[in-house]
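Undergrad: Residue numbers (mature numbering (1 follows the signal peptide of the UniProt record, and there is no 0)): -25 to -1, 1 to 152. Positions of the beta carbon are idealized from the N, C-alpha and C atoms, including for glycine. Please read these numbers as outputs of a predicted model, since none were measured by experiment. I have a structure here, written as structure tokens, and I will follow up with some questions on it.
Encoded structure:
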């Protein structure tokens, strides 16, 4: 009898785990980007590779991108953050854009094949908001998970390009361009 209860508990937990992994799909406008030396996850950016940037999906997620105009589809890996232009849902590398037959912006539908880092996407609020304050020569960004924020300090980047640490609120100052 005890073994039956254990088996039921294990089956129930497995079913709940599968139910918590929500499917993720969305349709909208895709754009491309080709410049950059590093992606948000630290990889060297290869613009002719098959990769993409998404605002909330975990790094390493595999996503099928289907071009609604041409009917072509491709599976890309999320390795960057973006797009940072309103109304767009994904930024594709030049290689992915070419494979989809895109010319500029295109209507696409996304479907997640697998989530990176064994995490599920529960909402569009995966990333914490970033507070940005502008002044004449510096840009202050609240960084919640940086080493300087954890240490209670802040890193200041001035026009000179020199960096100094100060005890304080965990803000990073970067010279504006």
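Between the alpha carbons of residue 34 and residue 20, how many angstroms are there, rounded?
TA: As a working mapping, residue 34 is identified with position 59 in the chain shown. As a working mapping, residue 20 is identified with position 45 in the chain shown. Between residue 34 and residue 20, the C-alpha separation is close to 14 Å.
Undergrad: In terms of DSSP beta bridges, what is residue 82 paired with?
TA: Along the chain shown, read from residue 1 onward, the residue named residue 82 stands at position 107. Note: residue 82 sits in a beta bridge opposite 4.
Undergrad: Alpha carbons only, please: which of -18, 8, 91 is nearest the one belonging to residue 65?
TA: To locate residue 65, count along the chain shown from 1; it is residue 90. The candidate whose alpha carbon is nearest that of residue 65 is 8.
Undergrad: Under the three-state reduction of DSSP, which class applies to residue 16: helix, strand or coil?
TA: Within the chain shown, the letter at position 41 stands for residue 16. Reduced to three states, the DSSP call for residue 16 is coil.
Undergrad: Apply the 10 Å Cβ neighbour rule to residue 67 and answer buried if 16 or more other Cβ atoms are within range, or exposed otherwise.
TA: As a first step, residue 67 must be located in the chain shown, where it is residue number 92. Residue 67 is buried by the Cβ-count criterion.
Undergrad: Among -19, 87, -23, -21, which has the Cα closest to the Cα of residue 37?
TA: By one-based count along the chain shown, residue 37 stands at place 62. Among -19, 87, -23, -21, the Cα nearest to that of residue 37 is on 87.
Undergrad: Considering only residues of the same chain and omitting the five flanking positions on each side of residue 92, which have a CB-CB separation below 7 Å?
TA: Within the chain shown, the letter at position 117 stands for residue 92. Within the same chain, residue 92 has close Cβ partners 33, 34, 35.
Undergrad: Taking its Cβ as the centre, do 16 or more other Cβ atoms sit within 10 Å of residue -18, making it buried, or is it exposed?
TA: As a working mapping, residue -18 is identified with position 8 in the chain shown. Residue -18 should be labelled exposed.
Undergrad: For residue 14, which residues from the same chain have a beta carbon less than 7 Å from its beta carbon, with the 5 sequence-adjacent residues on both sides left out?
TA: Against the chain shown, residue 14 aligns to sequence position 39. For residue 14, where only same-chain residues beyond five positions count, the Cβ hits under 7 Å are 20, 54, 55.
Undergrad: Out of 12, 5, -21, -20, point me to the one whose CA is closest to residue 48's CA.
TA: As a working mapping, residue 48 is identified with position 73 in the chain shown. The shortest C-alpha separation from residue 48 is found at 5.
Undergrad: Use the C-beta contact count for residue -1: other C-beta atoms within 10 angstroms, 16 or more gives buried, fewer gives exposed.
TA: Here residue -1 corresponds to residue number 25 of the chain shown, with the count starting at 1. Per the 10 Å Cβ criterion, exposed.
Undergrad: Name the two residues that bound the continuous alpha helix (DSSP H) containing residue 42.
TA: To locate residue 42, count along the chain shown from 1; it is residue 67. Looking at the DSSP string, residue 42 is not in any alpha helix (DSSP H); the run it does join, the beta strand (DSSP E), is 37 to 42.
Undergrad: The alpha helix (DSSP H) with residue 73 in it runs from where to where?
TA: Taking the chain shown and counting its residues from 1, the one referred to as residue 73 is at position 98. Element bounds for residue 73: 69 to 75.
Undergrad: Please report the distance separating the alpha-carbon of residue 76 from that of residue -20.
TA: Within the chain shown, the letter at position 101 stands for residue 76. Within the chain shown, the letter at position 6 stands for residue -20. Between residue 76 and residue -20, the C-alpha separation is close to 53 Å.
Undergrad: Less than 7 Å between the beta carbons of residue 25 and residue 57, yes or no?
TA: Position 50 of the chain shown, counted from the start, is the residue given in the question as residue 25. Position 82 of the chain shown, counted from the start, is the residue given in the question as residue 57. No, the Cβ-Cβ distance between residue 25 and residue 57 is not below 7 Å.
Undergrad: Using a 10 Å radius around the Cβ and a threshold of 16 neighbouring Cβ atoms, would you call residue 80 buried or exposed?
TA: To locate residue 80, count along the chain shown from 1; it is residue 105. Residue 80 is exposed by the Cβ-count criterion.
Undergrad: Taking DSSP's pairing of strands, which residues face residue -3 in a bridge?
TA: For the purposes of this step, residue -3 is taken as the residue at position 23 of the chain shown. In DSSP, residue -3 forms no bridge with anything.
Undergrad: Report the option in 42, 46, 2, 44 whose CA atom is closest to the CA atom of residue 63.
TA: Looking up residue 63 in the chain shown gives position 88. Among 42, 46, 2, 44, the Cα nearest to that of residue 63 belongs to 2.
Undergrad: May I have the straight-line CA-CA distance separating residue 27 from residue 74, to the nearest angstrom?
TA: Translated into the one-based positions of the chain shown, residue 27 becomes position 52. Translated into the one-based positions of the chain shown, residue 74 becomes position 99. Between residue 27 and residue 74, the C-alpha separation is close to 13 Å.
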